[in-house]
Amino acid sequence: MSIVVGAVVWSAVYLLKLSVHWLSEHILEIVEQTPFHLLIFVPLVAGSLIVAALAAWRASFVYYRDKDNHLHALNDVEGDGLERTIGLYYTSEPALDRALLGTQGVRARWEMPTFSLAFRKFLATLVTLGGGGSGGLEASVTLIGESLAVGLFKPRPRMIPHNLWALRLWRWWRTLDPDELQTAQLSGVAAAVSTLLGAPLAGAFFAIEVMYRRRPVIEKLIYALVASLTAFFLGHFASPTNTKFVTVSGLLPPPLNWRYYLILVVLAISVAFVDIYLRKVRGGLSAFFHERFAEPWQRHVVGAVMTGVIGLTAALLTGESLDLVLGTSDRVIAAALTGQLTIWIAAVALVGKLLATMSTIASGGSAGMLVPSMYLGSMAGVIVA
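Residue numbering for the sequence shown follows our numbering, starting at 34 and increasing by one per position.
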């Protein structure tokens, strides 16, 4: 089952990965070839309106409980997707509110969308990042992977086979146990992350780590690893030279002395402060968008405009291309690792990427924070070095 989940999730995430990079590169290239860089607002605003429409079409809400035990009702398509994935993972566990409604166990997850949610999230992520929005793919693909994995096991009365052998096969395949359902969900998340990063171990451990809430999940690791490896090998066969997220060659080994380790400590402290500031910016912008704009489409458009202004400003200050801040910015991470960025460019990129990504996500755009976090860390490394 994990192999099937890995293969299905890989096909969707691999297609999304290729589509986002192709669309983003072509749109940014077309805009930069024109004398009017303000044209970047056209795909940004158009993408934000499409996401607003997708968020309203067949919308459902996912209930997510944060570490402070506060319950949040989140639109299933908007935002980074990781909190939605965590919320959906725990829907099949016993809870008082679901017990009062009479929906417990796997039935609670069956009542939520699966394939349709994956399709809507796919489109929302494509138009957000492909249109120039700032962010990463990983959080969105976790939700896509979870939804596809669950959809494979969801009972559908209209599609139940009437043939005896097919019916027996379906009864063997289906899952009625919450523990089995959560194993499938973890497998879907692991396969999605593995497809994106080209790192099967990272995909499996990422899925286990983000779902850990003082509950035993380690016994599901082997299944998540099988799905993750399946996705990795399929990606290797489809594109043997393009499985890694970032490929850097010719790097010198670091010096082994106390000064180098002291610099690492300073870098770690700097990144910690960046993380604290990032959380504050995200909370402030989220409150701003949801309190100031009653209509969802308004905050989506304003967020897209803010992202465009930040991207244009960063490009103007540094003389770099628009992908310094806009899009997934994978190229900039590779440039930082090979020492091709100056301190000024890294400083502008750090502030610009942080603000642009938070504007995209807080306003409801479909993008993630894992790759931007790697981006911010690499920029901090350039500045400290």
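For every residue, glycine included, the Cβ atom is placed at its ideal position computed from N, Cα and C.
Next on the checklist: So, with DSSP's three-state summary, where would you put G69?
Outcome noted: As a working note, residue 69 is residue 36 in the sequence shown. In the sequence on display, residue 69 carries Phe and not Gly. Looking at F69 - three-state DSSP - the assignment turns out to be coil, as it is neither helix nor strand.
Next on the checklist: For A157 and Y293, what's the separation of their Cα atoms in angstroms?
Outcome noted: Within the sequence shown, residue 157 is the residue found at index 124, counting from 1. Within the sequence shown, residue 293 is the residue found at index 260, counting from 1. Using only the alpha carbons, I get a separation of about 43 angstroms.
Item to check | Nearest candidate by alpha-carbon position, reference G166, set L229, I416 and G401 | outcome: One-based indexing of the sequence shown puts residue 166 at position 133. For the options L229, I416 and G401, the alpha carbon positioned closest to that of G166 is the one of G401.
Checklist entry - So who's on the other strand from Y97, going by DSSP bridges? => result Within the sequence shown, the letter at position 64 stands for residue 97. Per DSSP, H105.
Checklist entry - Mind checking whether V139 and R117 have CB atoms under 9 angstroms apart? => result Against the sequence shown, residue 139 aligns to sequence position 106. Against the sequence shown, residue 117 aligns to sequence position 84. Result no, Cβ atoms of V139 and R117 do not sit closer than 9 angstroms.
Item to check | Residues near V335 by beta carbon distance below 6 angstroms, same chain, minus five either side | outcome: Counting from one through the sequence shown, the residue named residue 335 turns up at place 302. Taken in chain order, the list of residues that qualify is empty.
Item to check | Separation of W90 from A40, as counted between CA atoms | outcome: The count along the sequence shown starts at 1 and reaches residue 40 at position 7. The count along the sequence shown starts at 1 and reaches residue 90 at position 57. Within the model, the alpha-carbon separation for A40 versus W90 is close to 28 angstroms.
Next on the checklist: For T67 and M391, what's the separation of their Cα atoms in angstroms?
Outcome noted: Translated into positions along the sequence shown, residue 67 becomes position 34. Translated into positions along the sequence shown, residue 391 becomes position 358. The alpha-carbon atoms of T67 and M391 are separated by roughly 27 angstroms.
Item to check | Presumed contact (8 angstroms Cβ cut-off) between R332 and S396, rounded CB distance | outcome: Here the question's residue 332 lines up with position 299 in the sequence shown. Here the question's residue 396 lines up with position 363 in the sequence shown. Confirmed, about 5 angstroms.
Checklist entry - Looking only at C-alpha atoms, which of L214, I83, G385 and Y123 sits nearest to P405? => result The count along the sequence shown starts at 1 and reaches residue 405 at position 372. Per the Cα distances, G385.
Checklist entry - Going by beta carbon distance, what residues of the same chain come within less than 6 angstroms of A379, once the five residues before and after it are set aside? => result Taking the sequence shown and counting its residues from 1, the one referred to as residue 379 is at position 346. Result list for A379: M412, V415 and I416, in chain order.
Checklist entry - Do V84 and T161 have their C-beta atoms within less than 9 angstroms of each other? => result Taking the sequence shown and counting its residues from 1, the one referred to as residue 84 is at position 51. Taking the sequence shown and counting its residues from 1, the one referred to as residue 161 is at position 128. Contact: yes.
Next on the checklist: Please report the straight-line C-alpha distance between A257 and L267, rounded to a whole angstrom.
Outcome noted: Along the sequence shown, read from residue 1 onward, the residue named residue 257 stands at position 224. Along the sequence shown, read from residue 1 onward, the residue named residue 267 stands at position 234. Each residue's alpha carbon lies about 16 angstroms from the other.
Item to check | In DSSP terms, what L167 is bridged to | outcome: If you number the sequence shown from 1, residue 167 lands on position 134. According to the sequence displayed, residue 167 carries Ser and not Leu. Answer is G360, bridged to S167.
Item to check | Candidates G231, T371, L254 and Y245: closest to A217 by CA position | outcome: Taking the sequence shown and counting its residues from 1, one reaches residue 217 at position 184. It is L254 whose Cα lies nearest to the Cα of A217.
Checklist entry - Are the beta-carbon atoms belonging to A264 and V42 less than 9 angstroms from one another? => result The residue given as residue 264 occupies position 231 in the sequence shown. The residue given as residue 42 occupies position 9 in the sequence shown. In contact: A264 and V42 (Cβ atoms closer than 9 angstroms).
Checklist entry - DSSP beta-bridge partners for G401? => result As a position in the sequence shown, residue 401 is number 368, starting the count at 1. Checking the DSSP bridge columns, you'll see G401 partnered with G169.
Checklist entry - Who are the near neighbours of V16 in its chain, counting only those whose CB is closer than 6 angstroms to its CB and skipping five residues on each side? => result The question about residue 16 has no answer here: the residues shown for the chain are numbered 34 through 418.
Checklist entry - When we look at the beta-carbon of V381 and count the other beta-carbons within 10 Å, is it buried (16 or more) or exposed? => result If you number the sequence shown from 1, residue 381 lands on position 348. So V381 ends up on the buried side.
Checklist entry - According to the neighbour-count rule (16 or more other Cβ atoms, all chains shown, within 10 Å of its Cβ), is R153 buried or exposed? => result Within the sequence shown, numbered from 1, the residue matching residue 153 stands at position 120. By the neighbour-count rule (16 or more Cβ atoms within 10 Å), R153 is buried.
Checklist entry - Do L71 and S354 have their C-beta atoms within less than 9 angstroms of each other? => result Along the sequence shown, read from residue 1 onward, the residue named residue 71 stands at position 38. Along the sequence shown, read from residue 1 onward, the residue named residue 354 stands at position 321. The Cβ-Cβ distance between L71 and S354 does not fall below 9 angstroms.
Next on the checklist: How far does the alpha helix (DSSP H) with G385 in it extend, from its first residue to its last?
Outcome noted: Taking the sequence shown and counting its residues from 1, the one referred to as residue 385 is at position 352. Bounds of the alpha helix (DSSP H) holding G385 are I376 to A395.
Item to check | Bounding residues of the alpha helix (DSSP H) (the contiguous stretch that carries Q218) | outcome: In the sequence shown, the residue the question calls residue 218 occupies position 185. Element bounds for Q218: P211 to L230.
Item to check | Alpha-carbon spacing of I177 relative to Y408, whole angstroms | outcome: Numbered from 1 along the sequence shown, position 144 holds the residue referred to as residue 177. Numbered from 1 along the sequence shown, position 375 holds the residue referred to as residue 408. Each residue's Cα considered, the two are about 23 angstroms apart.
Checklist entry - To which residues of the same chain is P233 closer than 6 angstroms at the C-beta, ignoring the five residues directly before and after it? => result Locating residue 233 in the sequence shown gives position 200, counting from the first residue. So the list reads S227, S261, L262 and F265, once near-sequence residues are dropped.
Next on the checklist: Cutting at 7 angstroms between CB atoms, please list the residues of its own chain near V358, excluding the five before and the five after it.
Outcome noted: Residue numbering aside, residue 358 sits at position 325 when the sequence shown is read from its first letter. Within the same chain, and ignoring the five residues on either side of V358 in sequence, the residues whose Cβ sits closer than 7 angstroms to its Cβ are S167, I343, G344, A347, A382, G385, K386 and A389.
Next on the checklist: Please classify Q215 as buried or exposed, where buried requires at least 16 other C-beta atoms within 10 Å of its C-beta.
Outcome noted: Residue mapping note: residue 215 aligns to position 182 of the sequence shown, counting from 1. Buried, by the Cβ-count rule.
Next on the checklist: Measuring straight from C-alpha to C-alpha, what distance separates G236 and E242?
Outcome noted: The residue labelled residue 236 in the question sits at position 203 within the sequence shown. The residue labelled residue 242 in the question sits at position 209 within the sequence shown. Whole-angstrom Cα-Cα distance: 10 angstroms.
Item to check | S180 and G231 closer than 9 angstroms at C-beta | outcome: Indexing the sequence shown from 1 puts residue 180 at position 147. Indexing the sequence shown from 1 puts residue 231 at position 198. No, Cβ-Cβ distance for S180 and G231 is not below 9 angstroms.
Next on the checklist: On the criterion of 16 or more Cβ atoms from any shown chain inside 10 Å, does R312 qualify as buried, or is it exposed?
Outcome noted: Position 279 of the sequence shown holds residue 312. Classification of R312: exposed, given that the 10 Å Cβ count is below 16.
Next on the checklist: Is it buried or exposed, T375, if we count other Cβ atoms within 10 angstroms and call 16 or more buried?
Outcome noted: Taking the sequence shown and counting its residues from 1, one reaches residue 375 at position 342. Under this definition T375 is an exposed residue.
Checklist entry - How many angstroms separate the CA atom of G163 from the CA atom of L289? => result In the sequence shown, the residue the question calls residue 163 occupies position 130. In the sequence shown, the residue the question calls residue 289 occupies position 256. About 42 angstroms.
Next on the checklist: Looking at T175: is its Cβ nearer than 9 angstroms to the Cβ of A240?
Outcome noted: On the sequence shown, position 142 is the one that residue 175 refers to. On the sequence shown, position 207 is the one that residue 240 refers to. Yes, Cβ-Cβ distance for T175 and A240 is below 9 angstroms.
Item to check | Opening and closing residue of the alpha helix (DSSP H) in which F321 lies | outcome: Taking the sequence shown and counting its residues from 1, one reaches residue 321 at position 288. For F321, the enclosing alpha helix (DSSP H) stretches over residues W291 to R325.
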